[in-house]
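Trainee: Residues in the sequence shown are numbered consecutively from 0, following numbering that gives the first Met the number 0.
All C-beta atoms, glycine included, are put in the ideal place defined by N, C-alpha and C.
Encoded as structure tokens, here's the structure I'll be asking about.
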Amino acid sequence: MGDWKLSTWTDAAQLAASVNPREVPEAARGIAPSDWFTGLREAGKASYAVNFLAHAMPRYECVVWAVRALIELGVDRADPAIVAALRWIDNPSDNLRRAASDLGETLDDETPQALLCKAIFLSGGSISEEDLPAIQPPPDICAKLAAAAVLTAAFIGKDPSGAITASLQIGESVLAGS
Numbered sequence: 000m001g002d003w004k005l006s007t008w009t010d011a012a013q014l015a016a017s018v019n020p021r022e023v024p025e026a027a028r029g030i031a032p033s034d035w036f037t038g039l040r041e042a043g044k045a046s047y048a049v050n051f052l053a054h055a056m057p058r059y060e061c062v063v064w065a066v067r068a069l070i071e072l073g074v075d076r077a078d079p080a081i082v083a084a085l086r087w088i089d090n091p092s093d094n095l096r097r098a099a100s101d102l103g104e105t106l107d108d109e110t111p112q113a114l115l116c117k118a119i120f121l122s123g124g125s126i127s128e129e130d131l132p133a134i135q136p137p138p139d140i141c142a143k144l145a146a147a148a149v150l151t152a153a154f155i156g157k158d159p160s161g162a163i164t165a166s167l168q169i170g171e172s173v174l175a176g177s
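Rendered as structure tokens:
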């Protein structure tokens, strides 16, 4: 696709530093993120491409992408975590963000659904108790958790490579505003 109109990033190296500040490829400097992403896919670095794509998105869109990808990869729309996520997408309120977090706490930490619920909670807004001073989450944690949810769902399935490819296509369409 290449038209990432919802991403504010203009330099692939800066975006790569957000993904992993210890491993910023010099060759990415001055390259458009969408072009670098295409190169990652062509080089067979699909898992890294998932993380790169997640970090390219605003946090709300990152959650939208993760939900769409999980549904595409076979997580039932009636799954409580998907229902909580869809409710939050429809109305991204603090109450629904905290409700997703509460649900996530009841799930096995290693499931895509638990990771998705954590991504929602850490997408913005205070992570402290409601009656305490606000504490903001790190700006990259939502992307890391959303990418982890997508990758976990992909590797649970029968065709991880195909699942990752489908997830990347969904992510590009989200970044294009579709």
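So which of W3, S160 and A153 has the shortest CA-CA distance to T110?
Mentor: It is A153 whose Cα lies nearest to the Cα of T110.
Trainee: Where does Q168 fall in DSSP's three states?
Mentor: Helix, per DSSP.
Trainee: Cβ of A48 within 7 Å of Cβ of R40?
Mentor: Closer than 7 Å, so yes.
Trainee: Just verifying my parser: in three-state terms, what is the DSSP assignment at A175?
Mentor: Residue state, collapsed to three classes: coil.
Trainee: Could you name the residues of the same chain whose beta carbon sits closer than 7 Å to that of P136, not counting the 5 residues immediately before and after it, in chain order?
Mentor: If we look at P136 and ignore the five residues flanking it on each side, its Cβ neighbours are L121 and I126.
Trainee: Please say whether G156 and L72 have beta carbons closer to each other than 7 Å?
Mentor: Taking 7 Å as the Cβ cut-off, L72 and G156 qualify as a contacting pair.
Trainee: Rounded to the nearest angstrom, what separates M0 and G176 at their Cα positions?
Mentor: Since pLDDT at M0 reaches only 48, below the 50 mark, its modelled position is unreliable, and the value read off the structure follows with that caveat. So the two alpha carbons sit approximately 11 Å from each other.
Trainee: Are the segment 162-175 and the segment 67-81 touching by the rule of at least three beta carbon pairs closer than 8 Å?
Mentor: Short answer: they touch.
Trainee: Which residues in the same chain as G170 place their Cβ atom closer than 6 Å to its Cβ, once the five residues preceding and following it in sequence are excluded?
Mentor: L52 and W64.
Trainee: The alpha helix (DSSP H) spanning V82 covers which residue range?
Mentor: Counting along the chain, the alpha helix (DSSP H) containing V82 begins and ends at P79 to D89.
Trainee: At 4 residues or longer, what runs of the alpha helix (DSSP H) sit wholly inside the segment 102-165?
Mentor: As far as the segment 102-165 is concerned, its whole alpha helix (DSSP H) runs of at least 4 residues are 111-120 and 140-155.
Trainee: When the Cα atoms are used, what is the spatial distance from P24 to A83?
Mentor: Taking the straight line from one Cα to the other gives about 37 Å.
Trainee: Just to check my reading of the structure: C141 and A118 have Cβ atoms closer than 8 Å, yes? What is that Cβ distance to the nearest angstrom?
Mentor: Correct: roughly 5 Å between the Cβ atoms.
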